[in-house]
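Residue numbers (the numbering used here): 16 to 633. Where is the CB? At the ideal position from N, CA and C, for every residue including glycine. Report on the structure given below.
Structure representation (structure tokens):
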């Protein structure tokens, strides 16, 4: 009686060793570092850049521990956070827009643990840091884009309805049409008034100028709110998709105010990639090449992406934009060059088919639209050197090919550069296009100093709770209490190991979940020990131990299952910190049942099993 088989002991030993192995990386401290990568897409960091960084650091007297090349970027390690921050400032002032510089923490886990998949628990933004972006959606650009589409629509409509106009343009975020005669003026006004009512209310404000036969069309406040909400909502969806493509656990992507979006990537391992992908406001436009019959007002000149000296004239009308892309992946053409395979939605496919079927023999251009920023080192009113950033839109042709046949929902684009550029373009398209450009209002990588106090307070709460429980259990339950304390320690080890293995992010609410788990773990042992005491009144010690564990199991199982269900609901409906709490609580419930029932009983069986016990004190 009260004896486990060898296989049961081996299972317990295996789980405990596994927990210790994957919890071990958390004992190795992280080291302050910075990651440096080229700003230019598709360009990998090389020895030349590393030499340049080394010279700048040495010439400015900046201290560092190690510099090396890894995964297309330069990693520089430092001994202190001050060295890290000072070096970042020095490099940023010297190199400006040439490179992307991001703060990071390099793990110091031994190679043998890395080979086993061991890694420290990811700490959330409130504990260890991560990447924080505050972006503002450019609503004026969204309005301008809508007006350009509306302008093109009305041009086509007026031509079909034989409404004659002499001039059409967009001025001050308003549509201006000047008509040739009074009849056309009246017909257009009637058309505007018929189109103005919408499902949510009046869409347009019409300003009449009869003397010049000009009509001015502006969006109403209702329409402007719809444009703004759509732009912010679409950008939210796109950013979430891009974050998912990066594989970041427990990100926070949420709206802040009317036009701003907060992006927090706790525990991010590659901040340079995050900045390049999250901050990328690239899109594609498919346009027909302008011909000799195209009016100068309806065409624009663009440079080629890979050749600044080559240009081509394209029609202003956009056939299909990147927001109609449903899937994109990379491949290679017959010559071995990189290409991107594109899939459009039904509406985009119909538009592409309509445009290409009637223009076989003409050229179709793929226009790459990208918002960029330019940094300048300027002197403020206090005489301090500061970096000033200005944003601008850059449009370049990446492909101009002759239409050989009608295109539909699936086709390919070539001329996208090297495989890395093709992969990045495919990721951006797959994640979705931005409805409007965004600019960085705030951009920071949060280091460990900010969360140091939270970590200390959180760990202190765990240690105080653990110590009080250990003292109480030892004094009140004696040998059984010592066994429960060992199980409690194993429970904390297993929680840490499982979180490390799963790559879960630990937040401050997550620490609260661990503290709660400590109480729940010892509660299970208290129930078992109380049951053993009851059984001792009527049975011998061995039978009391056996029945105490057996009969308390049902109560412990029911209590923990109901709590686990609540934790799962929190995980499903919650976001960010709430999910962090739910994860640690769920893991803690499972491990506490294992340690309280299996580990504690194994130790009790080793101490009292198959022994002739006359009296048992508990």
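Between residue i and residue j, which are expected to be in contact by the criterion C-beta below 8 Å, what is the C-beta distance as a whole number of angstroms?
i: residue 337; j: residue 298; result: 4 Å
i: residue 496; j: residue 489; result: 5 Å
i: residue 603; j: residue 529; result: 6 Å
i: residue 179; j: residue 167; result: In fact, because the Cβ distance is near 18 Å, the residues do not count as touching under 8 Å.
i: residue 138; j: residue 159; result: Wrong, their Cβ atoms sit about 42 Å apart, outside the cutoff.
i: residue 232; j: residue 219; result: 5 Å
i: residue 540; j: residue 499; result: 4 Å
i: residue 318; j: residue 411; result: 6 Å
For residue i, which residues of its own chain have a beta-carbon under 8 Å away from its beta-carbon, when the five flanking residues on both sides are left out?
i: residue 556; result: 623, 628, 629, 630, 631
i: residue 53; result: 59, 60, 64, 113, 114, 115
i: residue 8; result: No statement about residue 8 is possible, as the shown extent of the chain runs from 16 to 633 and does not include it.
i: residue 309; result: 328, 330
i: residue 89; result: 50, 51, 52, 60, 64, 65, 68, 82, 83
i: residue 395; result: 401
i: residue 31; result: 505, 508, 509, 614
Indicate whether residue i and residue j have their beta-carbon atoms separated by less than 8 Å.
i: residue 226; j: residue 193; result: no
i: residue 343; j: residue 322; result: no
i: residue 617; j: residue 27; result: yes
i: residue 221; j: residue 207; result: yes
i: residue 217; j: residue 211; result: yes
i: residue 246; j: residue 375; result: no
i: residue 251; j: residue 270; result: yes
i: residue 77; j: residue 102; result: yes
i: residue 458; j: residue 148; result: yes
i: residue 7; j: residue 125; result: The requested residue 7 does not occur in the structure, where the chain is confined to residues 16 to 633.
i: residue 477; j: residue 428; result: no
i: residue 152; j: residue 453; result: yes
i: residue 418; j: residue 371; result: yes
i: residue 450; j: residue 202; result: no
i: residue 345; j: residue 438; result: yes
i: residue 416; j: residue 378; result: yes
Go through its chain and collect everything with a Cβ distance to residue i's Cβ below 7 Å, but skip five positions before and after it.
i: residue 551; result: 559, 631
i: residue 314; result: 305, 328, 329, 330, 331
i: residue 335; result: 301, 359, 363, 366, 367
i: residue 41; result: 135, 136, 511, 515
i: residue 393; result: 401, 403
i: residue 548; result: 633
i: residue 580; result: none
i: residue 262; result: Note that residue 262 scores a pLDDT of 47, beneath 50, so its modelled location is shaky; the value from the coordinates is reported in the next line. Excluding residues within five positions, none has a Cβ falling inside 7 Å.
i: residue 544; result: 492, 495, 633
For residue i, which residues in the same chain have their Cβ closer than 6 Å to its Cβ, ignoring the five residues on either side in sequence?
i: residue 29; result: none
i: residue 184; result: 191
i: residue 536; result: 503, 506, 607, 611
i: residue 13; result: The structure shown does not extend to residue 13, since the chain spans only 16 to 633, so no value can be given for it.
i: residue 200; result: 194, 228
i: residue 582; result: 597, 600, 601
i: residue 409; result: 385, 387
i: residue 646; result: Residue 646 falls outside the range modelled here, since the chain spans only 16 to 633, and no answer is possible.
i: residue 534; result: none
i: residue 43; result: 123, 124
DSSP beta-bridge partners for residue i?
i: residue 117; result: 50
i: residue 281; result: 145
i: residue 10; result: The structure shown has nothing for residue 10, since the chain only spans 16 to 633.
i: residue 298; result: 384
i: residue 224; result: 229
i: residue 65; result: Looking at the DSSP assignment, residue 65 forms no beta bridge with any residue, so it has no partner.
i: residue 453; result: 152
i: residue 271; result: 275
State yes or no: is the beta carbon of residue i nearer than 8 Å to at least one beta carbon in chain B?
i: residue 148; result: Of the protein chains in the structure, only one exists, and it is not chain B.
Hey, is residue i close to the ligand COA, as in C-beta under 7 Å from one of its heavy atoms?
i: residue 499; result: In the structure shown, the ligand COA is absent, as is every other ligand, since no ligand is present at all.
Exercise. Is it true that the segment 31 to 46 meets the segment 129 to 147, where meeting means three or more beta-carbon pairs spaced less than 8 Å apart?
Worked result: With a cut-off of 8 Å, the segment 129 to 147 and the segment 31 to 46 count as touching, because enough Cβ pairs lie within range.
For this session: Answer yes if the segment 140 to 153 comes into contact with the segment 512 to 523, meaning at least three C-beta pairs across the two stretches below 8 Å, and no otherwise.
Result: yes
For this session: Please confirm if the segment 510 to 519 is in contact with the segment 583 to 590, defined as three or more CB-CB distances below 8 Å between the two stretches.
Result: no
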